[in-house]
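Undergrad: This is the structure I want to talk about, given as structure tokens.
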Amino acid sequence: MLEKTAGVWSKCVEVGDPNGFAIGRFGESVDFDGQRLIVGAPADQHSSGQFGVAYVYDLSGAVATPTALGLTDGLGHPMGLGKGVAIDGDVAAVSA
Amino acid sequence: MKTPFWCVGSFMSVAAAALGQCLDEAKLVQLSESYMKRSGTAVALSGSRAIVGSVAGGVTVYAEDAAGWAIDGELPGGSYAGYSGGVAIDGGRAFVGNIIGPVREYLRGPSGWQEVASIPNPAGDGAGVFGVSMAFHGTRLAVLCR
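As structure tokens, then:
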């Protein structure tokens, strides 16, 4: 995440795949509503064992390494959830 | 006027939410043009403006007024080697990525869209993927970098 301050862009927050899964395609889709960041990782593996995760981060505070909340659909798709993401307030849309 | 909230349907339409239904409200790009340019590989929406990337035709900003949707500006770049970079928009500020190079920042002024900044690829041009997916709100730009 970059932030523009006094006309200059600089990195303010950095997030990576919570699983450290190199081929999880973390970041293939992103959205940010000013407070929450959602990141799609359609080939990542959720703690439930399913593939395809969307991670939500709360960036309202000054936390350099925010905690990820992993979302999956519970339907057992082989992979793909998180190819597209959108977030607005308490509602997130995630495509597979 | 309904509130446009997302772009759907081959990435060429603006849909509107009304009473829980999703309605196709407007076609931004004609099918033939979309096919030639491979438009809609990246899309974003902010209020009455939509930004649409393409593989072969640059990035187009559309704006809606009382007469409907019309082209508001053409932003150069946005693709590399047959792939489209990401796009982002919030109000009168837009961003265009081209995958391996810098992300370009554009501002809508009285005379149209002008490039105001170039955000370098942290890995160096051609050395890493940058700006394939992006989202912008306020002063913060979320951007894929790997």
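First to last, the sequence lines map onto chains V and A. The first sequence finishes on residue 96 if you use our numbering, and the numbering steps up by one all the way, no holes. The second sequence finishes on residue 1146 if you use our numbering, and the numbering steps up by one all the way, no holes. Backbone N, C-alpha and C define an ideal beta-carbon position, used for all residues, glycine too. In this text the structure is predicted, and so the values were computed from the model without any measurement.
Say yes only if the C-beta of THR1060/A is nearer than 7 Å to one or more non-hydrogen atoms of the ligand SAM, and no if none qualify.
TA: Ligands displayed in this structure: none; no statement on the ligand SAM is therefore possible.
Undergrad: Grouping DSSP H, G and I as helix and E and B as strand, with all else coil, what is LEU1019/A?
TA: Note that LEU1019/A scores 49 on pLDDT, short of 50, meaning its location in the model is unreliable; the coordinates nonetheless yield the value given after this. In the structure shown, LEU1019/A sits in coil (DSSP, three-state: anything other than H, G, I, E or B).
Undergrad: Who are the near neighbours of LEU1019/A in its chain, counting only those whose CB is closer than 8 Å to its CB and skipping five residues on each side?
TA: Because the pLDDT at LEU1019/A is just 49, under 50, the model does not fix this residue reliably, and the value given afterwards should be weighed accordingly. Excluding sequence neighbours, LEU1019/A sits near nothing in its chain.
Undergrad: Can you give me the C-alpha to C-alpha distance between ARG1093/A and TYR1106/A, rounded to a whole angstrom?
TA: Those two C-alpha atoms are separated by around 6 Å.
Undergrad: Distance check for ALA1117/A and THR65/V, CA to CA, integer angstroms please.
TA: Computed Cα separation, rounded: 27 Å.
Undergrad: Under 6 Å Cβ to Cβ from PHE1130/A, same chain only, skipping five residues before and after it: list those, please.
TA: Result list for PHE1130/A: ASN1121, CYS1145, in chain order.
Undergrad: So what does DSSP say about LYS83/V, is it helix, strand or coil?
TA: Coil at LYS83/V, not helix or strand.
Undergrad: Kindly indicate which residue of GLY89/V, ASP90/V, VAL94/V, ASP73/V has the alpha-carbon position closest to the one of LYS83/V.
TA: If we check each option's Cα against that of LYS83/V, VAL94/V comes out closest.
Undergrad: Using a Cβ-Cβ cut-off of less than 9 Å, list which residues of the stretch 30-46 of chain V approach chain A; keep chain order.
TA: Going along the stretch 30-46 of chain V in chain order, one finds VAL30, ASP31, PHE32, ASP33, GLY34, GLN35, LEU37, ILE38, VAL39, GLY40 with a Cβ nearer than 9 Å to chain A.
Undergrad: Looking at the unbroken beta strand (DSSP E) that takes in SER1054/A, where does it start and where does it end?
TA: 1049-1054 is the span of the beta strand (DSSP E), which, as asked, contains SER1054/A.
Undergrad: Assuming VAL1087/A and ILE1051/A are in contact, meaning their beta carbons sit under 8 Å apart, how far apart are those beta carbons, in whole angstroms?
TA: Confirmed, Cβ separation roughly 5 Å.
Undergrad: For the candidate residues THR1041/A, GLY1085/A, ALA1063/A, PHE1095/A, whose alpha-carbon lies nearest to that of THR1139/A?
TA: Taking only the C-alpha atoms, the option nearest THR1139/A is PHE1095/A.
Undergrad: Looking at VAL39/V: is its Cβ nearer than 8 Å to the Cβ of ALA54/V?
TA: Yes, they are a contact pair.
Undergrad: Based on DSSP bridge pairs, tell me the residues matched to ARG1104/A.
TA: DSSP lists VAL1096/A, SER1118/A as partners of ARG1104/A.
Undergrad: Compute the Euclidean distance between the alpha carbons of GLY122/V and PHE26/V, then round it to the nearest angstrom.
TA: Any answer about residue 122/V is impossible in this case: the structure gives chain V only from 1 up to 96.
Undergrad: Please compile the residues from chain V whose C-beta is within a distance smaller than 8 Å of the C-beta of SER1039/A.
TA: Per Cβ cutoff of 8 Å: no residues; SER1039/A is ~17 Å from chain V at best.
Undergrad: LYS4/V versus chain A: which residues are under 7 Å apart at the beta carbon?
TA: Ordered by position in chain A, the residues that pass the 7 Å Cβ test against LYS4/V are THR1139.
Undergrad: Whose C-alpha, out of GLY20/V, GLY61/V, PHE32/V, ARG36/V, is nearest the C-alpha of ASP44/V?
TA: Looking at the Cα atoms, GLY20/V is the closest of the given residues.
Undergrad: How long is the line joining the alpha carbons of PHE1011/A and VAL1043/A, rounded to whole angstroms?
TA: Confidence at PHE1011/A is low in this model, with a pLDDT of 41, below 50, so its placement is unreliable and the value that follows should be read with caution. Spanning the two alpha carbons is a distance of roughly 7 Å.
Undergrad: Do you know offhand how far ILE1099/A's Cα is from VAL1143/A's?
TA: Their backbone Cα atoms lie some 11 Å apart in a straight line.
Undergrad: Who are the Cβ neighbours of LEU1075/A in its own chain at under 7 Å, not counting the five residues just before and after it?
TA: These residues qualify, in order along the chain: GLY1058, VAL1059, VAL1061, ALA1094, VAL1096, TYR1106, TRP1113.
Undergrad: On the criterion of 16 or more Cβ atoms from any shown chain inside 10 Å, does SER1111/A qualify as buried, or is it exposed?
TA: Counting Cβ neighbours within 10 Å, SER1111/A comes out exposed, since fewer than 16 surround it.
Undergrad: Pull out every residue of the stretch 13-28 of chain V whose Cβ sits closer than 7 Å to any Cβ of chain A, in chain order.
TA: Cβ contacts with chain A: GLY27, GLU28.
Undergrad: Would you please verify whether the beta carbon of VAL1143/A is less than 8 Å from any beta carbon of chain V?
TA: Closer than 8 Å: yes.
Undergrad: Are the C-beta of SER1133/A and some C-beta of chain V separated by less than 8 Å?
TA: Interface residue, yes.
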